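Protein chains in written order, with the UniProt record's numbering: chain E, 1 to 382; chain W, 1 to 382.
In this text, a Cβ means the ideal position worked out from N, Cα and C, and glycines have one as well.
Just so it is clear, the structure is predicted and the values come from calculations on it, not from any experiment.
Below you'll find the structure, written out as structure tokens, and then a few comments.
Number of protein chains: 2
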Amino acid sequence: MSGTAPDDVRLARAYLSRVAEPHAGALAGLIGQVGPVEAAALVRAGEVSPSVVSQTSARREEERAREDLERIAGRGGRLVVPEDDEWPGWPFIALTLGQAQRLRCGGEPVALWVRGPHDLGEVTGKAVAVVGSRAASGYGEHVAAEFGYGLAQAGVTVVSGAAYGIDGAAHRGALGGGGVTVAVLACGVDVAYPAGHQGLLGKIAKEGLVISEYPPGVTPARHRFLTRNRLIAALGAGTVVVEAGRRSGAKNTAAITVALGRVLMVVPGPVTSASSAGCHELLRERQAEPVSSVAEVVESVGRFGDDLATQPAQKQSELGAPQGEAMRVYEALGMRTAVSAELVSVESGVALERVRALLPELELAGLAAQVDGGWQRLEVPR
Amino acid sequence: MSGTAPDDVRLARAYLSRVAEPHAGALAGLIGQVGPVEAAALVRAGEVSPSVVSQTSARREEERAREDLERIAGRGGRLVVPEDDEWPGWPFIALTLGQAQRLRCGGEPVALWVRGPHDLGEVTGKAVAVVGSRAASGYGEHVAAEFGYGLAQAGVTVVSGAAYGIDGAAHRGALGGGGVTVAVLACGVDVAYPAGHQGLLGKIAKEGLVISEYPPGVTPARHRFLTRNRLIAALGAGTVVVEAGRRSGAKNTAAITVALGRVLMVVPGPVTSASSAGCHELLRERQAEPVSSVAEVVESVGRFGDDLATQPAQKQSELGAPQGEAMRVYEALGMRTAVSAELVSVESGVALERVRALLPELELAGLAAQVDGGWQRLEVPR
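What follows is the structure, encoded as structure tokens:
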């Protein structure tokens with residue numbers, strides 16, 4: 001559980017997390033270029049590009065990093081940063097790709113404030129998001145609780161947003177099933193919102209994980225729910241919308257799920273119920289697959305897993321080599337010289353967009369490295 | 001309403017309808033070759049191919065044509081034959097194409113026994129089938145009745161099978177909506193089956209149509225329901241399955257609907273209800289589109305209408321020319337010489353299978369004719 005990030009890195013990211021309102025794409029870009037410590041120094045000094053200035057100038061004098069870290073520790077929590085082993089780097093890759101940028105939901109979080117006894121990376125390795133309307137019907141809450149319970153029993157982490165209605169029922173079901181559930185908040189992890197879920201949030205912080213991009217004490221706001229939704233969608237291999245009216249916020253999470261290339265699933269319901277109208281709309285538009293049981297959710301996500309190159313890394317540890325398209329991309333890389341993604345695409349016959357998605361995944365799996373602006377193959381560990 | 005078929009043709013088909021158990025593909029082929037009167041004579045004499053013998057030998061001495069025609073007339077009914085103006089030739093084309101043959105549901109009926117005051121061809125020109133489980137839930141019956149009512153109000157004929165549960169609710173809804181409903185039976189149209197629907201069948205025979213391939217007095221049997229289902233699927237531009245368990249007979253009608261190239265629609269329901277499990281299965285297998293309202297049914301069937309070449313004939317009467325692929329096929333035909341379907345495919349760039357489906361439709365629309373084993377263009381009427 002103990003993070004491997006150096007203290008100055010964690011302090012720098014705590015500072016940046018307080019300074020910039022998520023999601024801050026330009027700041028994320030700067031951190032990527034110069035690292036978090038240097039980025040924090042440049043932000044403090046105001047020596048940054050206009051786009052980073054606009055994201056950081058308002059609060060750049062809020063030097064509360066130590067105080068925030070103490071505050072979260074006081075609640076039994078911690079700040080998890082990308083330099084920590086438990087950072088969910090794999091699920092977040094999708095946030096850095098083109099589709100996410102186009103939907104304006106792109107960019108990895110600067111850091112995550114976390115309460116709970118689990119390794120964040122581990123529990124989100126096999127996770128499904130279960131979301132839906134606040135104004136849920138008895139049917140919807142029943143199904144959400146059943147799905148939460150069943151997924152937990154199947155060893156799948158249930159990710160949701162801790163709202164009233166479907167979210168709450170899914171979290172409760174997962175806790176009842178003896179599994180792990182992750183509540184992703186649109187406010188500080190020490191803020192009891194919604195108020196009626198104070199008890200539930202306390203229980204999740206003890207038995208699951210309560211996480212947020214927002215530093216301690218930050219209160220929820222409408223735009224923060226939308227920003228938060230991208231993390232819910234990214235942390236699950238797929239999202240199940242249990243109930244959604246035509247204008248439900250859950251449809252936002254659904255759209256992001258599709259944009260991130262995750263499997264979108266919906267639970268059908270009575271056509272006489274307004275709470276299911278949004279689900280049926282997604283079905284009719286062929287955005288989503290219908291799921292009637294936990295077995296079908298697992299099947300849908302499993303099918304997806306075959307497509308996605310999360311596969312190679314898992315397989316690599318078992319079999320020593322990536323599979324499918326990832327294998328073809330890997331084979332097209334040279335051992336001694338770095339080649340461009342374009343050349344890899346031509347060599348492998350895999351579409352350029354897929355190559356651009358697979359290369360960072362091979363890198364994360366330790367099978368490829370970025371060298372001199374190109375890509376090079378690394379020996380498969382035995 | 002008065003048919004145009006000569007008496008000897010009607011007598012011949014009444015005889016053949018009694019002699020061969022539907023559907024009798026080989027007999028249909030013989031009728032297509034030599035006409036019904038000659039076919040009846042050959043069957044009587046036993047001078048037919050072994051496959052036709054096997055379909056007709058058991059009952060070929062049942063000379064009950066006149067008696068059957070009197071019997072149906074006594075019930076206020078009639079025998080409708082392909083040579084009559086009101087024969088639904090257009091909807092039945094699908095039964096003669098390859099897909100239907102492969103599913104063993106192919107072959108136009110030899111004739112149809114009909115009770116009711118409407119022109120069969122006219123009312124099935126704009127029709128949708130609404131089917132489902134006998135063991136329906138209150139929810140299912142409610143939706144079936146609502147759909148029946150709404151379709152009737154929209155001027156769409158509701159075709160169903162007069163069974164308990166969904167079928168009955170759909171018929172009743174359509175009657176309540178002041179529209180036309182067609183009950184397709186797996187027994188004689190004078191047989192009250194199911195017994196509890198005697199009153200409903202009487203009402204449909206007065207305000208809609210009760211039709212069957214089976215001569216008067218024939219009792220229902222399991223295989224007759226399956227044979228009957230192909231007529232329900234063929235007579236609608238699409239089929240709505242309101243409720244179906246995993247092993248419901250409605251799934252047979254659903255499979256035929258898809259095989260015939262019609263739009264298959266299902267009504268979602270609670271995932272906690274076994275009566276909707278078959279519907280959700282069809283959705284998950286992407287066999288069907290979900291529909292939540294009558295407006296969506298009309299939209300789905302309308303969309304389908306654009307694809308299908310029922311379009312050209314309708315358009316032709318308005319605009320004087322077919323549209324889309326049908327137009328391209330029409331253009332590829334010569335005015336003076338007959339050409340093969342293969343050549344039309346090459347000329348038009350329309351797939352051979354589509355050409356083979358469109359040519360008979362152009363023929364029915366009076367835009368093409370079969371000459372010397374090839375196809376020739378006819379002038380568009382002004």
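Check each candidate in E:A244, E:G116 and E:R230 and name the one with the smallest Cα separation from R262 of chain E. Closest by alpha carbon: E:R230.
Whole angstroms is fine: what's the gap from V180 of chain E's alpha carbon to L201 of chain E's? 13 Å
Near A374 of chain W, which residues of its chain fall below 6 Å by C-beta distance, leaving aside the five closest residues on each side in sequence? The amino acid occupying residue 374 of chain W in the given sequence is Gly; Ala does not appear at that position. Contacts found: A338, V339 and S340.
Run down chain E in chain order and give the residues with a C-beta less than 8 Å from the C-beta of Y139 of chain W. Within 8 Å Cβ-Cβ: P270 and T272.
For the alpha helix (DSSP H) holding Q153 of chain W, just list the boundary residues, first then last. G138 to Q153
With DSSP run on the structure shown, which of helix, strand or coil describes V180 of chain E? DSSP places V180 of chain E in coil when its eight states are reduced to three.
I want to verify the contact list: residues of chain W whose CB lies under 8 Å from the CB of V297 of chain E, in sequence order. What V297 of chain E touches in chain W: nothing, since even the nearest Cβ is about 11 Å away.
Answer yes if the region 3-12 of chain W comes into contact with the region 353-368 of chain E, meaning at least three C-beta pairs across the two stretches below 8 Å, and no otherwise. no
V19 of chain E classed as buried or exposed, judged by whether at least 16 other C-beta atoms fall within 10 angstroms: Buried, because 16 or more other Cβ atoms sit within 10 Å of the Cβ of V19 of chain E.
DSSP three-state call for S300 of chain W: helix, strand or coil? helix
Per DSSP, which one or two residues make a beta bridge with G238 of chain E? Residue pairing by DSSP places G238 of chain E opposite E:V263 in a beta bridge.
Does the distance from the CB of L120 of chain W to the CB of L209 of chain W come in under 8 Å? yes
So, do the region 159-167 of chain E and the region 115-132 of chain E have three or more beta carbon pairs nearer to each other than 8 Å? yes
Look at the Cβ atom of G107 of chain W, then the Cβ atom of A28 of chain W, and state whether they are nearer than 8 Å. Against a cut-off of 8 Å, the Cβ pair of A28 of chain W and G107 of chain W comes out as a contact.
Alpha carbon of P88 of chain E to alpha carbon of R247 of chain W, nearest angstrom: 44 Å
Where A162 of chain W falls: helix, strand or coil (DSSP): coil
Counting only Cβ-Cβ distances shorter than 9 Å, please list the residues of the region 274-285 of chain E near chain W, keeping chain order. S276, A277, C279, H280, E281, L283 and R284
Using the three-state DSSP reduction, which class does V344 of chain W fall into: helix, strand or coil? helix
How far does the alpha helix (DSSP H) with R10 of chain W in it reach, from first residue to last? D7 to V19
Could you give the DSSP three-state label for P50 of chain W: helix, strand or coil? helix
Taking V240 of chain W and V297 of chain W to be in contact with their CB atoms under 8 Å, please state how far apart those CB atoms are, rounded to whole angstroms. 6 Å
Residue range of the alpha helix (DSSP H) that includes Q198 of chain W: Q198 to E207
Reduced DSSP secondary structure (H/G/I, E/B, other) of E285 of chain E: coil
At least one CB of chain E closer than 8 Å to the CB of T239 of chain W: is that the case? no
Please state the DSSP three-state secondary structure of P82 of chain E. coil
If you count every other CB in all the chains shown that lies within 10 Å of the CB of G25 of chain E, and 16 or more means buried, which is it? buried
Between E289 of chain E and chain W, is any beta-carbon pair separated by less than 8 Å? yes
Residue range of the unbroken beta strand (DSSP E) whose run includes L112 of chain W: L112 to R115
Cβ-based neighbour list, Q153 of chain E, same chain, cut-off 6 Å, excluding 5 preceding and 5 following: G177
Just to confirm my understanding: we take N252 of chain W, look at its own chain, exclude 5 residues before and 5 after, and list those with CB closer than 7 Å. What are they? L226 and N229
So W375 of chain W is in the alpha helix (DSSP H); what residue range does that whole segment cover? Run containing W375 of chain W: none in the alpha helix (DSSP H); it sits in the beta strand (DSSP E), G374 to R377.
9 Å Cβ cut-off: residues of chain E touching V143 of chain W: Neighbours of V143 of chain W on chain E, chain order: P270, V271 and T272.
If you measure between the beta carbons of L283 of chain E and Y330 of chain E, is that distance less than 8 Å? no
Below 7 Å CB to CB, which residues in the same chain sit around P91 of chain E once its five sequence neighbours on both sides are set aside? T124, A234 and L235
Give me the Cβ distance between A205 of chain E and Q198 of chain E, rounded to the nearest whole Å; I'm assuming they're in contact under 8 Å. That belief does not hold up - the Cβ atoms of A205 of chain E and Q198 of chain E are roughly 11 Å apart, past 8 Å.
How far does the alpha helix (DSSP H) with A26 of chain W in it extend, from its first residue to its last? The continuous alpha helix (DSSP H) containing A26 of chain W extends over residues G25 to V34.
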